[in-house]
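Chains as they are written, first to last, in the numbering used here: chain V, 729 to 947; chain D, 31 to 268.
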């Protein structure tokens, strides 16, 4: 199993029955494929849909039915469509239980950076989209990403890129570990098979505490 | 009372340097016929407001306006799906002002509803708060986000009657009903123009009061073909 699939499978275990969930692009989108049996979640798409199905077969698409990436989706029993303002009432108003987002950087204070990289001096792309509203409004924010980028740590003492939200992350899931953000700092609660705490410290810039009982990474 | 216009008549109102809002979300619910005409007109130095840039990968939706460098400033929440826009940003041909998506839509709603702005917590302690006033109400800190308003708005609906009552379908509604309220002159592009009374009143998503002109866009059959082609050609259909 590759790193991204591990992360998506582990993140899916965070979801519980009946939750309203918004999934970001990339790894988070694939979390939907691994939702445990018996768990039904209500997926929210920020362009204006709550509960929706997978991509349609060729010929069954509807030209007026897309997700937050403009890609075709389907309506299933229980689906609802609405406008953007309503969509962000759901997001900003505290009606999303869990959001799972990708990240460029996360820091030991639970801040996350995932909206801006420099494309020229003082110019940023791609933009925050709905991410800033999600990290402010969702009850639980889970950051998912491959632990390092070309060997460089992504879990830092302090984010270097413009942040999406300050101190908003509740849990960090990588292919190596699961860290909880606590008032005392990051806490290692799960470690993947074959990874030692020393190895984890070597590829993690942030300080982290180690739980009394570090559990095996749940897959 | 009949607001049906030819596209050329509407284009007479589109000028260099004006501000224009476009409905749509990554291409879905976008007024494609009007966008194409504006691209062909060569009008320039536009300030454009849209929730996000274009369908991922470009070549569709607002892409020609970015490629032709007709847009001077883009006010949005996300630009990354448009290679044309990102390129223009890199070379200094495009200025971008980002707002969080939920703030963007509420700013537009404020612009249409005569509000002086909205109070939001989104963006606090980030780059978004730079240069903005803050206010504390009942012990909670908020950013003051000012209204957004435009000279013209182009929305996309499914059907409109000749007075301008607009009906939407599924997620193609997205930003359209909000931006319809926030411009001096709102143009509704639709797949079908019907007689007054043909749209069930409870299916009206934008009441005629907000609409100044109605344009016949692609027929629904053509509309289906356009989205089939863009999705099939980018491997999005099973």
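A virtual CB, placed ideally from N, CA and C, is assigned to each residue, including glycine.
Exercise for the section: Could you tell me which uninterrupted beta strand (DSSP E) segments, each at least 3 residues in length, are contained entirely in the segment 166-213 of chain D, listed from first to last along the chain? Expected result: 170-175, 180-191
Exercise for the section: Under 8 Å Cβ to Cβ from residue 855 (chain V), same chain only, skipping five residues before and after it: list those, please. Expected result: 843, 844
Problem - Any C-beta of chain V under 7 Å from that of residue 184 (chain D) - result: Taking a beta-carbon distance threshold of 7 Å, residue 184 (chain D) does not count as an interface residue toward chain V.
Handout entry: chain V within 7 Å of residue 89 (chain D), Cβ atoms only
Key = no
Handout entry: Unbroken stretches of the beta strand (DSSP E), 3 residues or longer, contained in the segment 74-157 of chain D
Key = 76-79, 101-106, 125-128, 148-150
Problem - residue 848 (chain V) classed as buried or exposed, judged by whether at least 16 other C-beta atoms fall within 10 angstroms - result: exposed
Exercise for the section: Please report how far the alpha carbon of residue 741 (chain V) lies from the alpha carbon of residue 730 (chain V), in whole angstroms. Expected result: Approximately 17 Å between the Cα atoms of the pair.
Handout entry: Below-7 Å beta-carbon distance, residue 792 (chain V) vs any chain D residue
Key = yes
Practice task
Could I get the ranges of all uninterrupted beta strand (DSSP E) runs contained in the segment 827-901 of chain V, with 3 residues as the minimum, in chain order?
Solution key: The qualifying runs are 833-835, 844-848, 851-854, 868-872, 899-901.
Practice task
Buried or exposed for residue 734 (chain V), please, with buried defined as at least 16 other CB atoms from any protein chain shown within 10 angstroms of its CB.
Solution key: buried
Problem - Runs of beta strand (DSSP E) wholly within the segment 729-796 of chain V (minimum 3 residues, chain order) - result: 748-751, 770-773
Problem - Residues near residue 938 (chain V) in its chain [Cβ-Cβ closer than 7 Å; skip 5 each side] - result: 916, 925
Exercise for the section: Drop a sphere of 10 angstroms on the beta-carbon of residue 167 (chain D), count the other beta-carbons inside from all chains shown, and report buried for 16 or more, exposed for fewer. Expected result: exposed
Problem - Rounded distance between the beta-carbons of residue 34 (chain D) and residue 223 (chain D), thought under 8 Å - result: That belief holds up - the Cβ atoms of residue 223 (chain D) and residue 34 (chain D) are roughly 6 Å apart, short of 8 Å.
Exercise for the section: Identify the contact partners of residue 853 (chain V) in chain D, using a Cβ-Cβ distance below 7 Å as the criterion. Expected result: 109, 110, 116, 119
Handout entry: C-beta neighbour in chain D for residue 751 (chain V), strict 7 Å
Key = no
Handout entry: Identity of the residue in V:903, V:899, V:922 nearest residue 913 (chain V) by Cα
Key = V:899
Practice task
Give the secondary structure of residue 263 (chain D) by DSSP, where H, G and I count as helix, E and B as strand, and everything else as coil.
Solution key: Of the three classes helix, strand and coil, the one that applies to residue 263 (chain D) here is helix, per DSSP.
Practice task
Using a Cβ cut-off of 7 Å (strictly closer), state whether residue 847 (chain V) contacts chain D.
Solution key: yes
Exercise for the section: Answer yes or no: do residue 88 (chain D) and residue 206 (chain D) have a C-beta to C-beta separation smaller than 7 Å? Expected result: Judged by their CB atoms, residue 88 (chain D) and residue 206 (chain D) are not nearer to each other than the 7 Å cut-off.
Handout entry: Cut-off 7 Å between Cβ atoms - residues of its own chain near residue 757 (chain V), not counting five sequence neighbours on either side
Key = 751
Practice task
To the nearest angstrom, report how far apart residue 895 (chain V) and residue 815 (chain V) are at their CA atoms.
Solution key: 24 Å
Practice task
Would you tell me roughly how many angstroms separate the C-alpha atoms of residue 746 (chain V) and residue 805 (chain V), rounded to the nearest one?
Solution key: 15 Å
Problem - Spatial distance of residue 50 (chain D) from residue 101 (chain D) (CA atoms) - result: 10 Å
Handout entry: Neighbourhood of residue 80 (chain D) by C-beta, 6 Å cutoff - its chain only, sequence neighbours within 5 removed
Key = 52, 106
Exercise for the section: Taking residue 157 (chain D) as the query, report the chain V residues whose CB atoms sit under 7 Å from its CB, ordered along the chain. Expected result: 890
Practice task
Could you list which residues in chain V have their beta carbon closer than 7 Å to that of residue 204 (chain D), in chain order?
Solution key: Under the 7 Å cutoff, chain V gives 775, 776, 811, 812.
Exercise for the section: Starting from the Cα of residue 195 (chain D), find the closest Cα among D:86, D:214, D:240 and give me that residue. Expected result: D:240
Problem - Euclidean distance between Cα positions of residue 744 (chain V) and residue 778 (chain V) - result: 17 Å
Handout entry: Contained beta strand (DSSP E) runs [length at least 3] in the segment 213-265 of chain D, N- to C-terminal order
Key = Correct list: 213-224, 243-246.
Practice task
Less than 8 Å between the CB atoms is what I'm expecting for residue 216 (chain D) and residue 244 (chain D), so what's the real figure, rounded?
Solution key: That belief does not hold up - the Cβ atoms of residue 216 (chain D) and residue 244 (chain D) are roughly 10 Å apart, past 8 Å.
Practice task
State the Cα-Cα distance for the pair residue 116 (chain D) and residue 846 (chain V), rounded to the nearest angstrom.
Solution key: Going from the Cα of residue 116 (chain D) to the Cα of residue 846 (chain V) covers about 11 Å.
Practice task
Report the three-state DSSP secondary structure of residue 825 (chain V) (helix, strand or coil).
Solution key: coil
Problem - Neighbourhood of residue 946 (chain V) by C-beta distance below 7 Å, restricted to the same chain and skipping five residues each side - result: Only 738, 741, 918 meet the Cβ criterion.
Problem - Beta carbon of residue 111 (chain D) nearer than 7 Å to that of residue 83 (chain D) - result: yes
Problem - Candidates V:942, V:908, V:902, of which the one nearest residue 931 (chain V) by Cα - result: Closest by alpha carbon: V:902.
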